[in-house]
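Accompanying notes for the structure given below.
Chains as they are written, first to last, in the numbering used here: chain A, 32 to 464; chain B, 32 to 464.
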């Protein structure tokens, strides 16, 4: 056995992976745990859901990333419990066995999950869009519904099949609504030899889209969405979702079988395993060193961590740069603890934020100072996402896909994979082996 | 309603699609039925199963193919029954409703299914490789097993996890075995920081591989496989497959959790719906005009049809050129019936056959006269498959993938999609809508 200190990282998202890469070939033994065998490039999930990209284009095998890091091991599994006294993490591994893994330093970077605000009707009947499985479910569902609509004679039933509701006026909601509209009305509709005009409705509970953005960008985003044909409803609070309709607080009913819920996030419930008092949204309170308050050898970063931005008194937003910059500090501070040096404090370098809406449509707020919208914001969005995407092959494939779809108004990833068949056939073989 | 005759095509495989395209914009109304919304490029399925290609690279949306054919409608659904007296086809559609569709001319091109020769242990525990769902199941299974092997201490258990058995010495068996070997020992093994050498065993019941090929190509194929590391066993008849081992007729036991069965095909059981006496392998007997014997307005072609090749007295093999050439004759003869003209007879133009084995390894038998093996056969295989693949974007994506993997010895499509999650979340929403 090595005499190195052992670090356990929970989560191979942007925060966890950044730390792992910074600890590569350092004098620590790292165990990286994730429930999937891949890292997900979440900003492009909506393109998988809307038939634009293949799942593998936004997923990258964790083991490929750490192939040249002999001090990092990867374990595919789900964390069952954390014992901060005994310094043990209990993992349900892919082999169905539970393993207790010991750590000197623990780092919780398990990200966020969808917040349905305790409304069970939404949990049951709306689609989340947080991971690859979610995206594939949506893709299968909407393509299947379009096939159904093609053979549905009743006009009102057909309209319900062709009405898609997206809840949440943040970047994900905008991107999903815009992309769904283009998929239905620019791509699918051309191939069905009858009139199948789809409605896409974006619901936002507040009185404007893109809340943290400046006014002019909020208005620009709404104008661009409406310009392409998306119906935007602000001050629209969803009270109930069934498999047949959405009911708003005003009593208004929208007949639909497709509701994508991107109206809220909360911390991954794994945060509760630390047995400390959590902050708003179930987040783990951390020091500016990214150490969990009260637990010196435990770190947290990214969406699951709660740390106030001194500029506005709010917790840092759930953005990739925040997760990555925090992850880098975690790696530094773990090595500082190992080497008995002084810890560094996290300081956020804010490069701004952006959201895309559709063909040549986007808004961007560079460095939170320079507003951009329309074509140039869109080009900036494309370029940035290509650069940040992991793996050169993925970049090439995504780039070709985008260029292709832009020129030909097409989406080729429109295959319906039968979940039932996948399930039943795998049951016999997965547990026993 | 149009006064055109109505043609129903069952199956959007190579035979059905060829006919549909030939009937495009002709004076007939065509209804094309398939259980999937995509056409599958079956020769590359094994590359999906072995993490080389994305599902969408070998699947092409049927509606895209017929987008410019207003006389062709597409219905996603499963055929329940055929009534040749009333000229009705009953279809369980994607919307869960059953529809009766009337035809003037029926064309059965439903292809083949895996032949397990009545051995239930094989049905239950071996993987078929006939469609995209099969391929994804295999991919999920083998990557999951490798993750498990990485954390299995017991040497014999670990070896069983890393032993892969492919049954069947035809082109699919060879291609799958070679590709599995490369995936495990060139790609995955590099990324696991311990010794995880995999065994790949190819079993063939006869005394040589690639039975219809000439001797020297059979020997070359076996030599190339063994040269890369695959263990080839001929005269190996499988008697039992469990989730823990394969038992041969000799009593020999191979401990494995992964058996890919490509040892036999039979006609799609849909053939039985015609209520006629079927030929060997459950195939539909047809005239040289591709009309079903005894049913003048019903055609069959491709893997589901039985027609003797006058050259060797055997039914034409289940190859894409056979299906496509037969499909073309079906289209011609349907129009000849419509226009009261004389029917044409099918004559096969045989361009030969080929099988790839791995990096720079293949055998080809051009025009059934010129034997090729090794690098040049491999290049011929790559080129031909790119040309035949549907859709320019797919061709580009597949080509880049191949070049990339060739240079970097990599396979990036290694994501495990959790079938269980896909299943449970979709249940609530799919049937009600």
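All C-beta atoms in this analysis are idealised placements derived from N, C-alpha and C, irrespective of residue type, glycine included.
query                                                                                                                                     : result
Other residues of its chain near residue 72(A): CB distance less than 6 Å, five sequence neighbours each side excluded                    : 89 and 420
Chain-ordered chain A contacts of residue 90(B) [CB-CB under 7 Å]                                                                         : 446
Residues that residue 416(B) contacts on chain A, provided the C-beta gap is smaller than 7 Å                                             : Those do not exist, as residue 416(B) stays about 18 Å from chain A at its closest Cβ, beyond 7 Å.
For residue 115(B) and residue 300(B), the rounded distance between their alpha carbons                                                   : 17 Å
Close-in-space but distant-in-sequence residues of the same chain around residue 239(B) (CB under 7 Å, 5 per side omitted)                : 249 and 265
Backbone CA spacing between residue 220(A) and residue 187(A) [nearest angstrom]                                                          : 17 Å
Span of the beta strand (DSSP E) around residue 125(B)                                                                                    : First-last for residue 125(B): undefined, no H or E at that position.
Beta-bridge pairing of residue 234(B) - partner residues as DSSP gives them                                                               : 198(B) and 264(B)
Cα-Cα separation, residue 273(B) to residue 196(B)                                                                                        : 12 Å
Backbone secondary structure at residue 167(A) - three-state DSSP                                                                         : helix
Residue ranges of each beta strand (DSSP E) within the segment 365-425 of chain B, 3 or longer                                            : 383-389, 392-397 and 401-404
Partner residues on chain A for residue 222(B), Cβ-Cβ distance less than 7 Å                                                              : 94, 95 and 98
With 16 other Cβ atoms within 10 Å as the buried cut-off, status of residue 253(A)                                                        : buried
Residue 167(A) beta carbon near the ligand ATP (any heavy atom closer than 7 Å)                                                           : You won't find the ligand ATP in this model; it holds no ligand whatsoever.
Reference residue 164(B), options 139(B), 85(B) and 339(B), closest by Cα                                                                 : 85(B)
is_contact[residue 286(A), chain B] using C-beta, thresh 8 Å                                                                              : no
Residue burial classification, residue 231(A) (beta-carbon count within 10 angstroms, cutoff 16)                                          : buried
Run of the alpha helix (DSSP H) containing residue 78(A), from where it starts to where it stops                                          : 76-80
Short-range partners of chain B found in the segment 315-343 of chain A, where Cβ spacing is below 9 Å                                    : none
Bounding residues of the beta strand (DSSP E) (the contiguous stretch that carries residue 241(A))                                        : Here residue 241(A) belongs to no beta strand (DSSP E), and DSSP marks it neither H nor E.
Local conformation of residue 437(A) per DSSP, three classes                                                                              : helix
Local conformation of residue 45(B) per DSSP, three classes                                                                               : helix
Closer than 8 Å to chain A by CB, residue 292(B)                                                                                          : no
Cβ-based neighbour list, residue 334(A), same chain, cut-off 6 Å, excluding 5 preceding and 5 following                                   : 142, 143 and 349
Whole-angstrom C-beta distance between residue 137(A) and residue 39(A), which should lie under 8 Å                                       : 5 Å
Secondary structure of residue 92(A), DSSP reduced to three states                                                                        : strand
Best match in 359(A), 418(A) and 387(A) for proximity to residue 55(A) [C-alpha to C-alpha]                                               : 359(A)
Cβ-Cβ distance between residue 364(B) and residue 320(B) below 8 Å                                                                        : yes
Rounded distance between the beta-carbons of residue 166(A) and residue 354(A), thought under 8 Å                                         : About 20 Å separates the two Cβ atoms, so there is no contact after all.
Check whether residue 387(B) and residue 213(B) have beta carbons under 8 Å apart                                                         : no
Distance between residue 62(A) and residue 199(A) (C-alpha atoms, nearest Å)                                                              : 36 Å
Contacts around residue 437(B), its chain only, beta-carbon distance under 8 Å, and the 5 residues preceding and following it disregarded : 390
Chain-ordered chain B contacts of residue 183(A) [CB-CB under 8 Å]                                                                        : 126
Listed by chain order, chain A residues near residue 87(B) by CB distance under 7 Å                                                       : 85, 443, 444 and 446
CB contact flag (residue 176(A), residue 288(A), <8 Å)                                                                                    : yes
Under 7 Å from the C-beta of residue 178(B): neighbouring residues of chain A                                                             : 68, 107 and 125
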